[in-house]
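Residue numbers for the sequence shown follow the UniProt record's numbering, so the first one is 1 and each next one is one higher. One structure is given here, and the rest of the page talks about it.
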Amino acid sequence: MAGVNTNDTVVDLEQLRERVRSLMPKVVEDLKDLTRIPSVSLGSFDQTQVARSAEAVAELFAAEGMDVKVVAEGGRPAVIAHKSGPAGAPRVLMYAHHDVQPPGADADWDTPPFEPTERAGRLYGRGAADDKAGVMAHLAAVRAWGDDLPCDVTLFIEGEEEIASDSLPALLEKYADELRSDALVLADSANWAVGTPALTTTLRGTVRAVVTVRTLKHSVHSGMFGGAAPDALTTMCRLMAELHDAEGNVAVPGLDASEDTEIEYDADQLRSDAGMLPGTQLIGTGPLTSRLWLKPSITVIGIDAPGVDVASNTLTASARAKLSLRVAPSQDPQAAFDALKKHLEDAAPWGAEVNVELDELGAGFSADANGPVYEEARAAFADAWQNEPVDVGIGGSIPFVSLFAEMMPDAALLVTGVEDPDTRAHGANESLHLGEFEKVCLAETVLLQRIARRLGSE
Ligand SMILES: [Zn+2]
Numbered sequence: 001m002a003g004v005n006t007n008d009t010v011v012d013l014e015q016l017r018e019r020v021r022s023l024m025p026k027v028v029e030d031l032k033d034l035t036r037i038p039s040v041s042l043g044s045f046d047q048t049q050v051a052r053s054a055e056a057v058a059e060l061f062a063a064e065g066m067d068v069k070v071v072a073e074g075g076r077p078a079v080i081a082h083k084s085g086p087a088g089a090p091r092v093l094m095y096a097h098h099d100v101q102p103p104g105a106d107a108d109w110d111t112p113p114f115e116p117t118e119r120a121g122r123l124y125g126r127g128a129a130d131d132k133a134g135v136m137a138h139l140a141a142v143r144a145w146g147d148d149l150p151c152d153v154t155l156f157i158e159g160e161e162e163i164a165s166d167s168l169p170a171l172l173e174k175y176a177d178e179l180r181s182d183a184l185v186l187a188d189s190a191n192w193a194v195g196t197p198a199l200t201t202t203l204r205g206t207v208r209a210v211v212t213v214r215t216l217k218h219s220v221h222s223g224m225f226g227g228a229a230p231d232a233l234t235t236m237c238r239l240m241a242e243l244h245d246a247e248g249n250v251a252v253p254g255l256d257a258s259e260d261t262e263i264e265y266d267a268d269q270l271r272s273d274a275g276m277l278p279g280t281q282l283i284g285t286g287p288l289t290s291r292l293w294l295k296p297s298i299t300v301i302g303i304d305a306p307g308v309d310v311a312s313n314t315l316t317a318s319a320r321a322k323l324s325l326r327v328a329p330s331q332d333p334q335a336a337f338d339a340l341k342k343h344l345e346d347a348a349p350w351g352a353e354v355n356v357e358l359d360e361l362g363a364g365f366s367a368d369a370n371g372p373v374y375e376e377a378r379a380a381f382a383d384a385w386q387n388e389p390v391d392v393g394i395g396g397s398i399p400f401v402s403l404f405a406e407m408m409p410d411a412a413l414l415v416t417g418v419e420d421p422d423t424r425a426h427g428a429n430e431s432l433h434l435g436e437f438e439k440v441c442l443a444e445t446v447l448l449q450r451i452a453r454r455l456g457s458e
């Protein structure tokens with residue numbers, strides 16, 4: 001059978017499956033209680049709710065006999081909890097976050113965002129998936145093992161993931177000794193499909209840049225000088241056209257790209273998911289998953305120019321554009337910015353002054369998704385789902401993943417998740433597939449045993 005590599009695992013697996021199944025009603029009840037707390041970390045919301053949610057998480061962990069503390073380093077409260085395994089057992093750090101996105105307009109929800117509601121096998125509510133289900137999956141694994149925990153387990157539940165984890169570096173530094181682990185389980189991503197688990201092994205990096213184009217010392221009448229003197233806005237449009245080739249591939253030399261993916265995104269599904277209009281073509285070449293996860297993309301996200309309603313017959317002297325560049329997972333984002341800057345300066349149309357400034361950089365992530373912990377994780381997924389997991393990427397960035405990777409370069413880093421393609425995290429009617437959630441809980445329970453056996457015996 002797929003993923004089972006020891007003779008006694010099959011028996012244990014069925015016992016664990018039963019044990020987790022029997023725990024699920026209480027796990028889901030506790031998840032509902034957490035979801036009722038509107039722990040929106042965005043500053044304009046009531047932050048006493050984030051504190052309440054940290055306390056509620058801490059209470060749940062303490063009830064499992066864990067050593068628990070609520071900590072903060074100038075940001076929102078996080079929860080650290082620890083429970084020891086047998087002497088010499090491997091150390092596993094499990095991450096999730098207890099803060100949530102703002103709910104948006106109540107009218108967009110079929111049931112109120114902070115009144116968790118079960119419908120057709122799904123649990124609806126803000127945070128029911130992202131990421132309070134991640135919190136509960138970790139807790140379910142600790143619960144399933146009770147006093148026989150096979151690994152040393154530390155739970156780290158952040159309180160400000162949805163506002164970019166600003167104080168996370170300080171927390172990771174301050175508690176470095178107790179957080180350091182052999183394996184990390186970061187449960188804040190998604191599975192590939194209902195029935196198909198996934199490990200997220202790549203994240204693209206991000207660069208934001210501001211481009212300024214100047215052609216004239218001051219604006220002048222378009223009737224007097226148009227036709228001979230170039231305006232900055234038209235010049236900017238020509239410059240932006242240099243970012244892509246005719247097929248829509250990014251045309252900046254020096255940016256890394258790869259087409260090495262094992263799965264493909266159905267083109268019609270992608271068109272539908274992205275809300276593309278019937279006549280709009282997909283851009284770029286190569287597998288869609290490579291375009292989304294492994295190749296760079298460039299988007300013009302803003303332009304400063306006279307507004308349409310106030311525009312006059314004038315040659316504009318200067319224009320600014322803000323660009324968002326998504327960088328291949330393993331490329332240094334600074335090197336990507338340097339390549340973008342050189343390309344735009346070299347391409348300056350009509351001798352215009354082109355100035356490119358860095359606005360923001362974020363590192364990507366590319367796991368070396370091999371080795372004993374990855375093998376055991378894939379086996380644990382196969383045990384739980386009775387289906388082999390796939391490696392997936394994410395086109396965006398998750399800032400905390402690269403922070404953990406920097407802080408613990410020797411640890412195996414597993415980016416897992418509770419979401420499925422219908423979860424709608426951050427949107428209205430966010431929901432958790434309860435059947436898949438049970439498998440997530442089982443996979444984590446099995447994983448602890450597999451890591452203990454594998455790393456303990458090496
Ligand atoms: Zn999340």
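Where is the CB? At the ideal position from N, CA and C, for every residue including glycine. Keep in mind it's a predicted model, so treat the numbers as computed, not measured.
Every beta strand (DSSP E) stretch that sits fully inside the UniProt domain "Peptidase M20 dimerisation" (204-351) and reaches 3 residues is listed by chain position as 205-214, 297-304 and 318-327. The three-state reading of DSSP puts Y374 in helix, counting H, G and I together.
Proximity of the beta carbon of E160 to ligand 1 is not indicated: no heavy atom of the ligand is located closer than 7 Å. The beta carbon of E162 is closer than 6 Å to those of S41, D99 and Q101 in its chain, skipping five residues each way along the sequence. Annotation: E388 is outside any beta strand (DSSP E) and is labelled neither H nor E by DSSP.
If you look at E64, you'll find it isn't in any alpha helix (DSSP H); DSSP assigns it neither H nor E. H82: member of the beta strand (DSSP E) spanning A78 to K83, first to last residue. In terms of Cα proximity to P103, the closest of S431, T445 and P296 is S431.
Inter-segment contact for the segment 194-209 and the segment 317-332 is present: three or more beta-carbon pairs are separated by less than 8 Å.
In this structure, A335 keeps its C-beta atom at 8 Å or more from the C-beta atom of A232. Annotation: P112 to G396 spans about 29 Å, alpha carbon to alpha carbon. Taking 7 Å as the cut-off, the C-beta of D130 counts as close to a heavy atom of ligand 1. Inclusion of R238 and D152 in the CB contact set at 8 Å is not warranted, their separation being larger than that value.
The closest heavy atom of ligand 1 lies less than 7 Å from the beta carbon of D188. At least one heavy atom of ligand 1 lies less than 7 Å from the C-beta of H97. For T154, the uninterrupted beta strand (DSSP E) run begins and ends at D152 to E158, by DSSP. Straight across, the Cα-Cα distance linking D166 with G75 is about 7 Å. Ranking L434, E444 and L455 by CA distance to the CA of E29 puts L434 first.
Its Cα nearest to that of L23, the residue F437 stands out among F437, K83, V194 and P421. Judged by their CB atoms, L403 and L168 are nearer to each other than the 8 Å cut-off.
Going by C-alpha positions, M136 is about 30 Å away from E262.
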